[in-house]
Structures are given as structure tokens and as C-alpha cells.
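Read through the structure below, which is laid out as C-alpha cells, and then see the notes.
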Amino acid sequence: MEFRRLKVSDLYSLLELYKQLDADDDECTVDMYEKVWKEIDADSNIQYYGAIDDGKVVSTCYVVYIPNLTRGGRGICFIENVVTDKAYRKLGLASRVIDMAIEFAKEHHCYKVILQSGKARTEAHQFYENIGFDGASKKAFDMRLD
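Under the working numbering, think of the first position of the sequence shown as 10, with each following residue one higher.
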């Protein structure tokens, strides 16, 4: 098992894994996926991390660093799209992948890391609290622009 930052050669394996996160997610063209990946790859404030088993991405998350004018100029990192392949769950892979994202936040001297999860994913919420996230400290709101 390899734990590392994902690269362009991992893109299609990552997209397969994302089907387990949301089977109803909108798909786009190959050209669009590759265009988006180029944008991601060009921005050092965005990192995708993963656990790779024999070339297959089996656990992942992404983290975005956001500069901030409060808290002494210390930024924030935002983690989302945490998913582990069903056949690889309960092996500690997500913890290791999230640890890589947290280390990225520490390297950027962030004062906090925010992790967002779907409201219905209660088992995942318990996992996040077990590894140190506080599910009661803030209330999040989102606005869907579809």
C-alpha cells in the first residue's frame, strides 16, 4: 500500500472510487475531467491524497488551503470528498489519508482544518469525531447553485 499525493495518472482510478461516494454524481466528458485536473494540478493550494493498492486509488481526500486575514494571518484548510473503497474500509486508510491533509495544513501554519461531510453519513461522522474533529463546534450552511 502506497500513501501519497495523487497525480494525473491516478485520475481515472480516483473517478471510479468517487462512484462509491455518490453514485448519482453528474459525470462529464473525459476532456472536462482532464481540464479540471490540470487546474487542480496547477494550484499548489489544492492537494489530493490517496492510498494506492497495486495502482488503484482505494482511499482519498482533498484539501484546499485558504489564506486568511484573521487569526494573525493564519489560514484555514478545508477537507472534503473523503472516501474509502468498500473492500478496504476499517483498515485505517482514511485516517492516514486525512493525516496527510492535516500535515499539509500544519505546513501552511493553519489555525484550523474544516472537514465537511454529508448530513446522512452518520457512521462517517462518528469516525471523524474519533480522530479529533468536533462535529458540534460550528454549524455549516451551503447553497446549491444548480
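Glycine included, every Cβ here is placed at the ideal spot set by N, Cα and C.
- Contact annotation: the region 36-44 does not touch the region 82-93, with fewer than three C-beta pairs closer than 8 Å.
- Within the DSSP bridge table, the entry for Lys-148 names no partner.
- Along the length of the region 97-154, whole beta strand (DSSP E) runs at least 3 residues long occupy 121-124, reported in chain order.
- In the structure shown, Lys-65 falls within a strand segment according to DSSP collapsed to helix, strand and coil.
- The Cβ-Cβ distance between Thr-93 and Val-106 falls below 9 Å.
- The beta carbon of Phe-113 is closer than 6 Å to those of Gln-56 and Val-72 in its chain, skipping five residues each way along the sequence.
- Residue environment for Tyr-137: buried (at least 16 other C-beta atoms within 10 angstroms of its C-beta).
- The beta carbon of Arg-130 is closer than 7 Å to none in its chain, skipping five residues each way along the sequence.
- Per DSSP, reduced to three states, the secondary structure at Glu-36 is coil, with no helix or strand assignment.
- DSSP places Arg-80 within a helical segment (H, G or I) once states are collapsed to three.
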